[in-house]
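The C-terminal residue of the sequence shown carries number 234 in the UniProt record's numbering, and the numbering is unbroken. For each residue, glycine too, the CB sits at the ideal point set by N, CA and C. These figures come from a predicted structure and were not determined experimentally.
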Amino acid sequence: MLKIENIDLYYDGIHALKNISLEVNKGEIVTLIGANGAGKTSTLRAISGLQNYKNGSIKFKDIILNKIPPHKIVSFGLSHVPEGRKIFANLSVNENLLLGAYLRKDKKALQDDLYMIFTKFPRLKERKNQQAGTLSGGEQQMLAIGRALMNKPEMLILDEPSMGLAPIVVKEIFNTIVEINKAGTTILLVEQNANIALSIADRAYVLETGKIVLSGNAKDLLNDSTIKSAYLGE
1 MLKIENIDLY YDGIHALKNI SLEVNKGEIV TLIGANGAGK TSTLRAISGL QNYKNGSIKF
61 KDIILNKIPP HKIVSFGLSH VPEGRKIFAN LSVNENLLLG AYLRKDKKAL QDDLYMIFTK
121 FPRLKERKNQ QAGTLSGGEQ QMLAIGRALM NKPEMLILDE PSMGLAPIVV KEIFNTIVEI
181 NKAGTTILLV EQNANIALSI ADRAYVLETG KIVLSGNAKD LLNDSTIKSA YLGE
């Protein structure tokens with residue numbers, strides 16, 4: 001479904017991604033793990049068209065994404081939940097969700113999907129007329145995921161969904177990610193909490209200083225001694 005081949009990405013002369021190649025098959029949860037500055041967010045931003053890259057190609061459903069603007073990429077069925085959530089703080093919960101569906105014309109199905117989001121995240125329903133900036137961190141993350149789902153994506157990419165959240169909220173968010181995947185949405189997940197990411201993923205890639213240094217079955221990597229010592233605190 002998604003195929004990245006040999007991309008190089010630079011920030012102000014710094015070589016942030018070095019000949020990166022990876023793929024995500026339909027129906028999978030694939031995770032990218034690595035330390036801060038490894039290139040995880042840069043990879044996602046390249047996929048979404050938010051960051052230009054120098055060489056190589058990115059294909060989504062056999063569409064070459066090189067130089068396609070982000071709003072067009074969204075229309076292909078790819079939604080991005082960014083690091084830090086980036087909700088519209090001065091708008092209501094409901095308005096944020098509707099903005100996630102700005103490309104859609106099917107008004108009846110849109111209302112059905114709003115109902116689905118409120119069923120999945122009951123706290124958002126309780127706060128649907130509340131300003132999004134007044135929500136807790138966990139509620140804002142739920143809103144960011146809900147907004148992305150309003151696009152009816154075939155693939156959802158998530159950047160650090162556990163960041164700054166209490167463990168009980170993290171568990172709830174990750175249970176929802178698994179549910180979303182089981183309902184048919186392919187997931188590419190960037191996550192600093194390697195333990196929880198590997199526990200729900202099918203496959204994983206390990207990034208270090210802009211290079212993929214390891215990849216494989218997520219459960220195998222979860223039990224790999226090198227991964228345990230480097231990323232799982234064991």
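What is the rounded straight-line gap between the Cα of residue i and the Cα of residue j?
i	j	result
alanine 201	aspartate 12	33 Å
isoleucine 33	glycine 210	12 Å
residue 238	isoleucine 177	Any answer about residue 238 is impossible in this case: the structure gives the chain only from 1 up to 234.
tyrosine 231	threonine 43	19 Å
glycine 216	asparagine 129	44 Å
isoleucine 187	isoleucine 157	6 Å
asparagine 96	phenylalanine 88	6 Å
leucine 135	aspartate 106	29 Å
valine 190	serine 162	10 Å
isoleucine 20	threonine 226	21 Å
threonine 185	asparagine 25	11 Å
leucine 114	arginine 203	31 Å
For residue i versus residue j, is the C-beta distance shorter than 7 Å?
i	j	result
leucine 110	arginine 104	yes
alanine 132	valine 93	yes
glycine 56	glutamate 5	yes
residue 271	glycine 138	Since the first and last residues shown for the chain are 1 and 234, residue 271 lies out of range.
glutamine 48	isoleucine 73	The sequence shown places serine at residue 48, not glutamine. Closer than 7 Å, so yes.
phenylalanine 60	leucine 2	yes
With a threshold of 16 other CB atoms inside 10 Å of the CB of residue i, please say whether the residue is buried or exposed.
i	result
asparagine 90	exposed
aspartate 159	buried
threonine 41	buried
valine 30	buried
tyrosine 53	buried
histidine 80	buried
tyrosine 205	buried
proline 167	exposed
From the DSSP output, read off the bridge partner residues of residue i.
i	result
tyrosine 205	Leu32, Ser215
aspartate 23	A small correction: the amino acid at residue 23 is glutamate; aspartate does not occupy that position in the sequence shown. Looking at the DSSP assignment, glutamate 23 forms a beta bridge with Lys3.
leucine 17	Leu9
serine 92	Gln131
serine 79	Leu156
threonine 119	None, per the DSSP bridge assignment.
valine 74	According to DSSP, valine 74 bridges with nothing at all.
leucine 188	Val30, Ile157
Every unbroken beta strand (DSSP E) inside the stretch 30–65 [3 residues or more]:
55–60
Tell me the start and end of each unbroken alpha helix (DSSP H) in the stretch 124–184 that is at least 4 residues and wholly inside, in chain order.
137–149, 167–182
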